[in-house]
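Chains as they are written, first to last, in my numbering: chain E, 1043 to 1274; chain V, 1043 to 1274; chain D, 1043 to 1274; chain B, 1043 to 1274.
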């Protein structure tokens, strides 16, 4: 199989992170999945973006084994793997340590849906997982991180197609989408929503969640069955 | 009629938004009006600024019908339409989701006039509408957003030539002006006023509104009948 | 007299303001004085930095009369004039509406000396004037603004060579120095000190002013008679 | 001895500071040590980064004497000297006045370890020294600053290889590493950790320190004996 196109797509999506100001040094990674082929491409661990090249991208199968590439995959590889296994509609995943999203994760709070900018992208608060119990930290930590996210979604009945982002408590954001490019888009939007929600609370400590009628209106004009935002 | 000059003016004003850091992705739009011809030019819906071209700009008449252009106009088109119909002196409108203005809108607070930077541009707090009632959200939402703004101005006796900006509660800023370029200028100024007011309250929770004598002095030296700011 | 060198110096100092992020649109101005010739050069009123050229700079004498130049001087010209008359050692003045300095001015608070970054430049809090009384606002407002600053320094025994900056309550910062370039340097430093002091109070609402022994040590190693910072 | 390579390494590390947004004007300095030769290279005092050249870098021995170079070394030279003498494993030192680190130093607070971004780099709060007693300020101040840091580490049993950074109360950050480049990396990371911790407390005033099991997991996957982050 020719992995070059998948590598190229993964490389391009990774390079968007520093351009969008979402990563410092190597603090982030993007993967993209070819579900038919059962493999995903992911950034190698600890390689700076300045020197990253398409051929450095690592190809991993859905058992977590490297099937092509000379480098070790991102240390977060198994988190990506669990998300791909549990969320059948997604094709790309992003993890960053972007500033405002990390601040909410460290504050261990879900990000309240305060306005239409948020509702244009998701009709719910941005969820935040619980802190991981000690016994799970001792296991395969990155696999457990993925399981923590998927369990959070299953228990709460969240649809990963409708809520394409999560905060891992004490850690930071993960986002996903149909493609790696869409997952990067969601990472950038999430950082902005986190900044806006922080400022909203600073300006009005009693700010109210946006009422549901407005949430539904904005979410559905972009994502509902009668959506009319954008071109046909 | 040759719509090329109106399209060009609208295109240039739209392209200022990313240059000024006021929009992320497609979160904003500018229109400009030819009142004699009874048409306005507006950004097409959901087209990224990176690929936007002058010929993509959509021409709409004052009944809200597209009269020229292959693309759908901004989903906020009917809000622009209502403002053009109610405010006879304006020739351009801007809507963004700029960070600090959105934060005040989500906080559902008018922005207090704390200093001369604000008074140099308007002699009043930046108004914030009420949240839209549910029955109006179910109607033509974007038309209702425009009506909400114009009713807010009429009820409060605000002059849209003197207060060229508003916050829609839970949503974000709209600004306008004699031209699209002036409306963009007002959008950038508004974002700065929102940031300064936020910081002012953080530094002094008991900060006082600027006294009226100073407000009038600054507003009138730029905008009064004896204005002496700028060149003759 | 050939005003070209003074114009050029004034032009260069003005152009530093947008490069340093201290001005938005036309919200600022720099002047520089030739005390022997009894004239100063100042930015024309309301001219955007993008189109400003050295020949646009206006030459004004110490009676406030334009002696050379086709344009009107900055509307703040008389404030500069009063400072040049009262502070015999200064050769350049800057006025901006930089974000954090304006926030402190709007909060009507002197900026506490919290650390060595501040003490490296001045050994006192950054002063903030009182709000101007109404009767003075009705006079020549810009002259009164200058007088307000010079009276604040005289009454408090402040030495303008040692405290090269002030906040005008409700308005914003003025800085000065031996040259226009030094006044611009002070404007940039002041903005940073204002940002740091704001963050310091946010991190520790009970933060203490830096003790005087440390203030004196830092100020004097740069500015005292036995200064050893920099090259001989 | 040929000092050119050491000068070049020092020059390059210094020039990273403005590129990373860590210094304003001359507010910072980097040194790098050749421990075998018993000399270190350091930025000259008060020279702007715009005009700094490799040949300007000053070579100093471990008695603090300039052994090569035409310029005076950084006024903080003796602080670097004390750190090199007390911390045998380090090869580079950075001092800046970066905004968020200074704010924590002025707040005189250690930076709590709130998340994995922090734990990826150090498994402890970022320490903050006490304020220097007056009698020590009157001595060789810069030597005393170094001693204050090394005493803080010795008394608290901190390992400078594991905690490569410190805040000096009322002053600002110092960082170090095996090389000057690594010390610069630590300076940039520290500034980001300071910003994230500030935002975390703003979002949740009751935010908890990250639990130790998560701290150890993250620190050790990057720095422990079984570290698996990065390439082999």
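C-beta atoms are modelled at their ideal positions from N, C-alpha and C, and glycine is treated no differently.
Check                                                                                                                                                                              : Outcome
Based on the DSSP output, what are the partners of residue 1283(E) in its beta bridges?                                                                                            : What is shown of chain E runs 1043 to 1274, which leaves residue 1283(E) out entirely.
Among residues of its own chain, excluding the 5 on either side of residue 1065(E), which ones have a beta-carbon nearer than 6 Å to its beta-carbon?                              : 1059 and 1138
Just reading off the alpha helix (DSSP H) that residue 1257(E) is part of, what are its end residues?                                                                              : 1254-1265
Can you pull the DSSP bridge partners for residue 1083(D)?                                                                                                                         : 1074(D) and 1101(D)
Just to confirm the assignment, what range does the alpha helix (DSSP H) spanning residue 1176(B) have?                                                                            : 1176-1180
Closest Cβ-Cβ distance between residue 1122(E) and chain B: below 7 Å?                                                                                                             : no
Can you list, in chain order, the residues of its chain with a C-beta nearer than 6 Å to that of residue 1136(B)? Leave out the 5 residues immediately preceding and following it. : 1072, 1217, 1225, 1226 and 1229
Nearest by alpha-carbon distance to residue 1158(E): which of 1069(V), 1046(V), 1155(V) and 1269(V) is it?                                                                         : 1069(V)
Terminal residues of the continuous alpha helix (DSSP H) containing residue 1189(E)?                                                                                               : 1183-1198
Can you tell me the Cβ-Cβ gap for residue 1055(E) and residue 1223(E), rounded? I've got them flagged as a contact below 8 Å.                                                      : 6 Å
For the beta strand (DSSP E) holding residue 1109(E), just list the boundary residues, first then last.                                                                            : 1108-1110
Could you run through the region 1239-1259 of chain B and flag, in chain order, every residue whose CB is less than 8 Å away from some CB of chain D?                              : 1240, 1243 and 1244
Checking 7 Å against the spacing of the C-beta atoms, do residue 1081(B) and residue 1101(B) come in under that value?                                                             : yes
For residue 1124(B), count neighbouring C-beta atoms within 10 Å of its own C-beta (all shown protein chains included) and say buried if the count is 16 or more, exposed if not.  : buried
Exposed or buried, residue 1120(E), counting other C-beta atoms within 10 Å across all chains shown (16 or more means buried)?                                                     : buried
Check the Cβ of residue 1230(E) against every Cβ in chain V and list those closer than 8 Å, keeping chain order.                                                                   : 1066 and 1067
Considering only their Cβ atoms, is the gap separating residue 1186(V) from residue 1196(V) smaller than 7 Å?                                                                      : no
Secondary structure at residue 1202(E), three-state DSSP: helix, strand or coil?                                                                                                   : coil
Against chain E, which members of the region 1130-1155 of chain B pass a CB distance test of less than 8 Å?                                                                        : none
Kindly indicate the opening and closing residues of the beta strand (DSSP E) around residue 1208(E).                                                                               : 1207-1210
Since residue 1154(D) contacts residue 1239(D) with CB under 8 Å, what's their CB separation in whole angstroms?                                                                   : 6 Å
Are the beta-carbon atoms of residue 1087(D) and residue 1272(V) separated by less than 7 Å?                                                                                       : yes
So which residues on chain B does residue 1176(E) lean against when the C-beta distance must stay under 7 Å?                                                                       : 1255
For residue 1201(E), which option in 1166(E), 1092(E) and 1249(E) has the closest C-alpha, if you only look at C-alpha atoms?                                                      : 1166(E)
Mapping DSSP to helix, strand and coil, what is residue 1132(B)?                                                                                                                   : coil
Does the beta-carbon of residue 1077(B) have 16 or more other beta-carbons within 10 angstroms, so that it is buried, or is it exposed?                                            : exposed
Can you tell me which of the three DSSP states residue 1245(D) falls into?                                                                                                         : helix
Quick check: is the beta carbon of residue 1273(D) nearer than 7 Å to any beta carbon in chain B?                                                                                  : yes
Could you tell me the distance, in whole angstroms, from the CA atom of residue 1213(V) to the CA atom of residue 1270(E)?                                                         : 18 Å
Go through its chain and collect everything with a Cβ distance to residue 1050(E)'s Cβ below 7 Å, but skip five positions before and after it.                                     : 1096
Output, in sequence order along the chain, the residues in the region 1090-1122 of chain E whose CB is closer than 8 Å to any CB in chain B.                                       : 1113, 1114 and 1117
Per DSSP, residue 1170(V) forms a beta bridge with which residues?                                                                                                                 : 1209(V)
At a cut-off of 6 Å, is residue 1243(V) close to the ligand MG when judged by its beta-carbon and the heavy atoms of the ligand?                                                   : You won't find the ligand MG in this model; it holds no ligand whatsoever.
What in chain D is Cβ-close to residue 1237(V), meaning under 7 Å?                                                                                                                 : 1141
Whose C-beta lies closer than 8 Å to the C-beta of residue 1171(V) among residues of the same chain, with five residues either side of it excluded?                                : 1190, 1191, 1194, 1208, 1209, 1210 and 1211
By how many angstroms is the C-alpha of residue 1263(D) removed from the C-alpha of residue 1215(D)?                                                                               : 26 Å
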